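Participant: Letter 229 of the sequence shown, counting from 1, is numbered 229 in UniProt numbering, and no numbers are missing.
Below is a structure I'd like to ask you about.
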Amino acid sequence: MAISLQLCRFSIRIGSDNFGGRSEALPFRKPISVRCSTDSTSVVVDPDNFDAKSFRHNLTRSKNYNRKGFGRKEETLELMNREYTSDILKKLKENGNEYTWGNVTVKLAEAYGFCWGVERAVQIAYEARKQFPDEKIWITNEIIHNPTVNKRLEEMEVKTIPVEGGKKQFDVVNKDDVVVLPAFGAAVDEMLVLNDKNVQIVDTTCPWVTKVWNSVEKHQKGDYTSIIHGKYSHEETIATASFAATYIIVKDMTEAMYVCDYILGGELNGASSTKEAFMEKFKHATSEGFDPDHDLVKLGVANQTTMLKGETEEIGKLVERTMMQKYGVKNINDHFLSFNTICDATQVRAPRCYV
Ligand code: SF4
């Protein structure tokens, strides 16, 4: 596929303040030049108006990018099956899904094991090792939060990009290396760095996560601010936020109510107060230059796929009601946008943990 060749400059704001925990992103980047072509690094960027969507779109079509695996399912089958079996599981199944060890009783949840998105990600990562037996393989973060799988990848010499001083050290990655993106994705500036290095990218991002990215890109297109229901330091939310133009991240209903109360000038529950207090509260959870008086007029809701479905839905309804109250029912479509991006697998599993 022919993609126009361009020289491009862009700068992306990834403030380190915003990225606590393991998922530290890159520091602010100065504008850089990137040659764009499917023959090499395949970035297509407008020098003055970087478009994350176009960049991602073109990256997925480049030669150095794979997100479908390598047709080596058979070769990884035994390994995959091993991840699904254990002595504990066997014991539970043999005993009506419940067993007591000493004074601890373990019950087997109705839904357990990897969701299909995780299974897919692990499968692709294992296949990558088979496909590139001699290359150095890096991963930008834990592929999934599962110690057994992560240990297995370590044994296969799939190394995690080191983090120093809260920043990922992409200097360790060289041109002929392979870099795996985990199931919850990677922030756009990480993709840019890897693309710039012209490495082989193996993207295991779950399609449900990509669906959320698509929705925040639609928000952006319509000049809507994305309200992301998630945790601002969670890798998935960091990645999602990187594809949004203007965003605010709320971790729960209480924070969503605070935002809505601010929109309604304190008429919801009086939780909010001044603009300064608002900014202080969400200082780690908003896009650069966020202004609650300007950026809460057109809103779209997106979510971190691991959040509870019920809470995301409630937040969506709350925001919708708030915008109706503020702007009138007949104008709601100009002020509120919603797409269903709730992952089914999470919804099957998460409630099983609360029974
Ligand atoms: S988004 Fe859903 S299907 Fe995808 S990895 Fe997460 S829980 Fe699994």
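For every residue, glycine included, the Cβ atom is placed at its ideal position computed from N, Cα and C.
Because the structure is a prediction, the values reported are computed rather than measured.
#1: Pairing CB atoms from the segment 197-205 with CB atoms from the segment 276-286, are three or more of them under 8 Å?
#2: With hydrogens ignored, establish whether the beta-carbon of Gly69 is closer than 6 Å to any heavy atom of the ligand SF4.
#3: Considering only residues of the same chain and omitting the five flanking positions on each side of Arg129, which have a CB-CB separation below 6 Å?
#4: If you count every other CB in all the chains shown that lies within 10 Å of the CB of Val259, and 16 or more means buried, which is it?
#5: Over what stretch of residues does the alpha helix (DSSP H) that includes residue 356 continue unbroken?
#6: Does the ligand SF4 have a heavy atom nearer than 6 Å to the CB of Thr140?
#7: Would you grab the beta carbon distance between Ala187 and Ile238 for me? Rounded to a whole angstrom, and I think it's under 8 Å.
#8: Report buried or exposed for Ser242, applying the criterion of at least 16 other Cβ atoms within 10 angstroms of its Cβ.
#9: Can you list, in chain order, the residues of its chain whose CB lies under 6 Å from that of Ile137, leaving out five sequence neighbours each side?
#10: Assuming the contact rule is C-beta atoms closer than 8 Å, Thr240 and Ile227 should be a hit. Round their C-beta distance to whole Å, please.
#11: Roughly how many angstroms separate the alpha carbons of Phe55 and Asn214, rounded to a whole number?
#12: According to DSSP, is Ser226 helix, strand or coil?
#13: Between the Cα of Leu153 and those of Thr246, Glu142 and Lys218, spot the shortest distance and give me the residue it belongs to.
#14: Between the alpha carbons of Lys90 and Val106, how many angstroms are there, rounded?
#15: Taking the alpha-carbon positions, what's the Val250 to His57 distance?
#16: Anyone know if the C-beta pair for Leu318 and Ala256 falls short of 7 Å?
#17: Short check: CB of Glu135 to CB of Thr76, under 7 Å?
#18: Compute the Euclidean distance between the alpha carbons of Gly222 and Leu92, then round it to the nearest angstrom.
#19: Consider the C-beta atom of Cys260 and the heavy atoms of the ligand SF4; say whether any pair is separated by less than 6 Å.
#20: Would you tell me roughly how many angstroms separate the C-alpha atoms of Pro207 and Val122, rounded to the nearest one?
#21: Classify Thr246 as helix, strand or coil using the three-state DSSP reduction.
Facilitator: Let me lay it out:
#1: no
#2: Gly69: no, Cβ never under 6 Å from the ligand SF4.
#3: Excluding positions up to five away in sequence, the list reads Met156.
#4: Looking at its Cβ environment, which holds 16 or more other Cβ atoms inside 10 Å, Val259 is buried.
#5: Residue 356 lies beyond the residue range present for the chain, which begins at 1 and ends at 355; the question has no answer from this structure.
#6: no
#7: 5 Å
#8: buried
#9: Val158 and Val178
#10: Not quite, the Cβ-Cβ distance comes to about 12 Å (not below 8 Å), so this is no contact.
#11: 13 Å
#12: strand
#13: Glu142
#14: 12 Å
#15: 28 Å
#16: yes
#17: Contact flag unset, no.
#18: A direct Cα-to-Cα measurement between Gly222 and Leu92 gives close to 51 Å.
#19: Flag unset: Cβ of Cys260 not near the ligand SF4.
#20: 14 Å
#21: Thr246 falls in the coil class under three-state DSSP.
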